[in-house]
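Each residue of the sequence shown is one higher than the last, beginning at 1 in the working numbering. Don't be surprised by glycine CBs; every beta carbon is placed ideally from N, CA and C.
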Amino acid sequence: MKKLLKKICVLLVITMIVASLAVFPVTHAADTEAQVQARALMENVLPMDLSKYNATLESQSNDGEVDFLIYNLDSDESTLRVFCLFKNNALLSCNMYVDKGEVINDKKYTNLIDATKKILEEYQTYTKIDSADMIEMLDDVDVTKDSSTMIGKINFTKNTVNVYGIEVTTFRWAYTVNGAEYTKLEVEFQNGIFSCLYDTRGVYSIGDTTVNISSDQAIDIATKYTETYSYALSDGSRVSDFNINEDKSVAKLVASPINSTELRPYWHVELYLDQTYPGHVEGLTIYVWANSGEVFACSNIAYGGELPDTSPSPSSSPENNTGSVDINTIAIVAAIATVVVIATSALLIKKRSK
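Structure representation (C-alpha cells):
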C-alpha cells in the first residue's frame, strides 16, 4: 500500500509540474538554438547512432530562460524518446529511454565505466567545459562496487540502487567546499542502458564560498528569527509564539544561486516544534546566508490538511527575501524526465514480463 501511495504521489507531482509548463506544438519555423544544441547532443554525445533513426521534435516549451524539448526517435528496430532541458542555452539535463526494441549504437563499450568515459569525452567536446579531472577519476573505480572519493574539491560517488525493479547506476561528481555541493555532473544508466546526463556547470557559476557562520550559530540565528515570525491561516488569523524542540534542530550547509546564476552557501535550518500548530505545521525551515548570517527566507514544515500562508509577517520579513526558489524549481523540472523514464521503463518491463 505504501508503494502504491508513493507511486500516486510521484504521478501527481509530475502532472502538476508538466501542467505548469507552456508546451507548444512544433511548427515549421527555423530551428531554435535549443533545437540545434539538442540535435548536436543526440548526434555526437548520446550512446546511439542517430543516423539510423527518424528524429521528430514532439514538443518544445520555453519560459524565456528554460527550454524543454521532447524528441521521438523511430526506426524499424527500436523507438526512443529523448528529453532535453536547457537553461539560457546551456544543457541542464538530457534523458533517454527505450520505448521498444534495443538502442542502435555504433559505439562499443566494455562496461559502464568505459561507457561513461567515452560519453564524457564526447560531452567535453560538445560543451567545451573541461572534464578531464572527472574522467581521470574513473580510472580507479571498480564497476562492481559502490564507491566514494574526494580529490581536491571534487567529490565523486558511484552507486547502484534498485528502483521499482530497475537497476539504476549513477556516476556523480560535485564541486564541494566546506561540505556544501555547488556545480554537479551526473551520468546515469538503467539496467546497463544510458538514461540520463545532468550537468549544472554551464548553468551556474560559483560565487563567494566563504562560511563565517557555524551550524550552531545558524540554529541560534534561526531560533531568534522565529520570535518575530508568524504565518496566516485561511480565516485571516495569524499563528506565532512557537516553542522549539531544540533536540531536533538540524542545520545543513547547501548552495543556492544569487542573481539567477551565482551559487552561494547558506544554512538550511530545520526547527521542529514541541507540538503540531494550526495548519498542521510541525516545524519551520529557516534559510541563513553562511557568510553574513542574514535570514533571507522562511517556510513551514506541514503535513496534510490546510496549507497555511508561509509569507513572513511584515515585522519579520527580511529585506532580501530571495530564497532558493530558482535552483529548486529548475532541479524539480530537470527531475521530471528522470522520474518519467524510471516509471515508464518499469511499466514496459512489467508488460514484457507478462
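Count the other CB atoms within 10 Å of the CB of residue i; is the residue buried (16 or more) or exposed (fewer)?
| i | result |
| --- | --- |
| A132 | exposed |
| N95 | buried |
| Y303 | exposed |
| L263 | buried |
| R201 | buried |
| K252 | exposed |
| Q275 | exposed |
| K87 | buried |
| M42 | buried |
| K107 | exposed |
| K100 | exposed |
| A38 | buried |
| E33 | exposed |
| V36 | exposed |
| I151 | exposed |
| V82 | buried |
| K224 | exposed |
| G192 | exposed |
| T56 | exposed |
| N321 | Caution is warranted here: a pLDDT of 33 is assigned to N321, below 50, making its placement in the model unreliable, and the coordinate value is therefore given only provisionally. Exposed, by the Cβ-count rule. |
| V163 | exposed |
| C298 | buried |
| K117 | buried |
| H28 | Legend: pLDDT at H28 = 45, less than 50; position of this residue unreliable, value from coordinates given subsequently. Exposed, since its Cβ has fewer than 16 Cβ neighbours within 10 Å. |
Which one of the options has the shortest CA to CA distance from residue i?
| i | options | result |
| --- | --- | --- |
| Y277 | G207, G293 and I244 | I244 |
| V103 | T209, K145 and F194 | F194 |
| N89 | T56, A40 and V288 | A40 |
| V143 | T160, N155 and I135 | T160 |
| W267 | S260, T261, S249 and V281 | S249 |
| S51 | N105, I129, A115 and S59 | N105 |
| S215 | N44, T116, I113 and I286 | I286 |
| Q60 | Y53, N54 and Y71 | Y71 |
| F156 | Y182, Y164 and S147 | S147 |
| V281 | G64, L233 and T183 | L233 |
| T261 | T183, G293 and R238 | T183 |
Would you say residue i and residue j are within 8 Å of each other, going by their C-beta atoms?
| i | j | result |
| --- | --- | --- |
| V141 | K158 | yes |
| A174 | V254 | no |
| N300 | Y231 | yes |
| V98 | L69 | no |
| G283 | Y272 | yes |
| L197 | S93 | yes |
| V295 | I219 | no |
| V211 | P265 | yes |
| I213 | V288 | yes |
| V66 | L85 | yes |
| T149 | M134 | no |
| E176 | E188 | Glu is not the amino acid found at residue 176; the sequence shown has Thr there. Result no, Cβ atoms of T176 and E188 do not sit closer than 8 Å. |
| I355 | Q190 | For residue 355 there is no data in the structure shown, the boundaries of the chain being 1 and 354. |
| D208 | N111 | no |
| T228 | F242 | no |
Could you tell me which residues DSSP puts in a beta bridge with residue i?
| i | result |
| --- | --- |
| M150 | N155 |
| L271 | L284 |
| T125 | According to DSSP, T125 bridges with nothing at all. |
| N62 | D67 |
| E262 | S205 and I258 |
| M96 | V82 |
| S299 | T285 |
| I166 | V163 |
| F189 | T169 and F194 |
| N72 | T56 and R81 |
| R238 | A232 |
| D145 | It is Lys, not Asp, that sits at residue 145 in the sequence shown. Paired residue(s): none; K145 is not in a bridge. |
| V45 | In DSSP, V45 forms no bridge with anything. |
| E181 | T176 |
Run the proximity test for residue i: is its beta-carbon closer than 7 Å to any non-hydrogen atom belonging to the ligand ADP?
| i | result |
| --- | --- |
| Q275 | Absence of the ligand ADP is noted for the structure shown, with no ligands found whatsoever. |
Kindly confirm or deny that the region 73-83 and the region 112-126 touch, where touching means at least three C-beta pairs closer than 8 Å.
Three or more Cβ pairs closer than 8 Å define a contact, and the region 73-83 falls short of that threshold against the region 112-126.
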